[in-house]
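K.L.:
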Amino acid sequence: MHISVIGTGYVGLVVGACLAETGNDVTCADIDARKIEMLQASRIPIYEPGLEALVERNQQQRRLTFTTDIPAAVASAEVIFIAVGTPPDEDGSADLRHVLAVADVIGRYMTRELVVVTKSTVPVGTARKVQAAVAKSAQHPFHVCSNPEFLKEGAAVEDFMKPDRIVVGTEDPEAIALLRTVYAPFQRNHERMIVMDARSAELTKYAANAMLATRISFMNELANLADRLGADIEHVRHGIGSDPRIGYQFLYPGAGYGGSCFPKDVKALQSTARENGMPLKLLAAVDAVNEAQKRVLVEKVVARLGPDLRGRRLALWGLAFKPNTDDMREAPSRVIIEALVEHGAQIVAYDPIAMDEARRIFANASGVSFAASPLDACDGADALVIVTEWKEFRAQDLDTLRDRLKSALVFDGRNLYDPTLARAAGLEYFSIGRR
Ligand code: NAD
881 MHISVIGTGY VGLVVGACLA ETGNDVTCAD IDARKIEMLQ ASRIPIYEPG
931 LEALVERNQQ QRRLTFTTDI PAAVASAEVI FIAVGTPPDE DGSADLRHVL
981 AVADVIGRYM TRELVVVTKS TVPVGTARKV QAAVAKSAQH PFHVCSNPEF
1031 LKEGAAVEDF MKPDRIVVGT EDPEAIALLR TVYAPFQRNH ERMIVMDARS
1081 AELTKYAANA MLATRISFMN ELANLADRLG ADIEHVRHGI GSDPRIGYQF
1131 LYPGAGYGGS CFPKDVKALQ STARENGMPL KLLAAVDAVN EAQKRVLVEK
1181 VVARLGPDLR GRRLALWGLA FKPNTDDMRE APSRVIIEAL VEHGAQIVAY
1231 DPIAMDEARR IFANASGVSF AASPLDACDG ADALVIVTEW KEFRAQDLDT
1281 LRDRLKSALV FDGRNLYDPT LARAAGLEYF SIGRR
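Under this note's numbering, read the sequence shown as residues 881 to 1315, first letter to last.
#1: Count the other CB atoms, across all protein chains shown, that sit within 10 Å of the CB of Thr851; report buried if there are 16 or more and exposed otherwise.
#2: With the cut-off set at 8 Å, would you say Val1215 and Arg1184 are in Cβ contact?
#3: According to the Cβ coordinates, are Met1208 and Ala1238 closer than 8 Å?
#4: Could you tell me the alpha carbon to alpha carbon distance between Arg1282 and Trp1197, rounded to whole angstroms?
#5: Tell whether a beta-carbon distance below 8 Å holds between Asn1069 and Val1048.
#6: In angstroms, rounded to a whole number, what distance separates the CA positions of Leu1109 and Pro1133?
#7: Is Leu934 near the ligand NAD, going by C-beta to nearest heavy atom under 7 Å?
#8: For a test of the three-state rule: what should DSSP assign to Gln1173, helix, strand or coil?
#9: What's the C-alpha gap between Ala1035 and Asp984?
#10: Do you know how far the Cα of Gly1260 is from the Cα of Ser1287?
#11: Count the CB pairs spanning the region 1261-1268 and the region 1240-1247 that are closer than 8 Å, and state whether there are at least three.
#12: Quick check on the burial criterion: 16 or more other C-beta atoms within 10 angstroms. Buried or exposed for Ile1217?
#13: Using the three-state DSSP reduction, which class does Cys1025 fall into: helix, strand or coil?
#14: Does the beta-carbon of Glu1033, which I'm using as the reference point, lie nearer than 7 Å to any heavy atom of the ligand NAD?
#15: For a quick check, are the C-beta atoms of Ala963 and Ile916 less than 8 Å apart?
#16: In whole angstroms, what separates the C-alpha of Tyr1309 from that of Phe1291?
#17: Once you ignore the five residues that flank Thr902 on each side, which residues in its own chain have a CB closer than 8 Å to its CB?
#18: Assuming Ser922 and Val935 make a contact with CB atoms under 8 Å, what is their CB distance in whole Å?
#19: Buried or exposed: which applies to Ser1000, given that a residue is buried once 16 or more other Cβ atoms fall within 10 Å of its Cβ?
#20: Between Thr1050 and Pro1043, what straight-line distance do the alpha-carbon atoms span, to the nearest angstrom?
#21: Would you check whether the ligand NAD has a heavy atom nearer than 7 Å to the C-beta of Cys908?
#22: Which residue's Cα is closest to the Cα of Glu1210: Asp1107, Asp1188 and Lys1144?
#23: Here's the rule I'm using: 16 or more other beta-carbon atoms within 10 Å means buried, otherwise exposed. How should Gly1139 be labelled?
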């Protein structure tokens, strides 16, 4: 099948590479010429485990090509996936400019009957807008369908190849039949496609992210209470996660959620609700708790070292918003670094993958430098602040860590270490929601 994916970011590139892997002829198109040039040379602009090999193999076998020529990508396709960004507008609502611009181009350059699939996360009612934008100049029949994406950065290829579910939002039998064919290789083991109307599919994506964000904020708020009460949130987590009705996933207290999805999607869903006269009180609290949580580590540092951090050197581990990605969009590390620098601290940061991205983000910031290894960052530091739970941070030898730090002070925003062991190693150890 000839498939075009418009928008070659975290989602579009994974979708394109995985659909090529299952034998389709895929064209990935993007307006970002630098990105497309890199991809044409088999260089991957993002870090995503397993993606590079997949792209290279399918390029070599000529099933995957990259272009900035969006009209040409439209003209050759039987199915078009729209995977462009939907960033937050000033009022928190999703900005549909890119999605509708692509829909407009599809209408103008389509050369045959085709199916338009919206992969981007879009507010309820967008399928209709896409339909109208394509229809303005379409010379051939077409079918519109919502197909939200649930992949997780850091495990995106695996998630796309073995999806828990494939949500398809349309009542158009032609679109349903075609997507059944496209997704057949991904559901050989059992049926994963859940077909519903477009509005429900659009809402499903927001509901999923809002639920996950809610669990995180719930645990963060309880962790702060546990701190106050002298209880241990990790025991509480085990105690409730063992209930199958609750489960263990997404119950980790920490330094707040970030990334390109949860913050923006929680805000966009609130905006949709407000526009429809039904403000979502719960989600407003989820958002507010998260904003406050990003500052909890800073508050702990200031409580221990005082508000004047001039002349203090702080090691900081973890810049990406979560492990296994280089994505720093809305990363808690950004808020934490900015706040500590405002207090006068010098930050020496380390991240296994996101350092190039961080150098770009902090290019004009004074007070931020980067180290070649986690322990190098600690040399001569007055404290270590841990922000992202990369595996390599968990396995650190605590005696060596103590020796490399100037003061044996650790502020752990991800509860990586056993407090008893940390103390036995001579560390003064602060974590989230534990005595
Ligand atoms: P991204 O910013 O990484 O990629 C978007 C790409 O679209 C960019 O490369 C940009 O240059 C391109 N683009 C913008 N306008 C264009 C146009 N008119 N024509 C062609 N290309 C254009 O974004 P992303 O993280 O891949 O997210 C894309 C969508 O998928 C968003 O709606 C997001 O909410 C959703 N989503 C993201 C994830 C995730 O984990 N990143 C998961 C599920 C859903």
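Even glycine gets a Cβ: it sits at the ideal position worked out from N, Cα and C.
P.N.:
In terms of the structure at hand:
#1: Since the displayed the chain opens at 881 and closes at 1315, residue 851 lies outside it and no answer follows.
#2: no
#3: yes
#4: 15 Å
#5: no
#6: 16 Å
#7: no
#8: helix
#9: 32 Å
#10: 8 Å
#11: no
#12: buried
#13: strand
#14: yes
#15: no
#16: 6 Å
#17: Pro1065 and Phe1066
#18: 7 Å
#19: buried
#20: 19 Å
#21: no
#22: Lys1144
#23: buried
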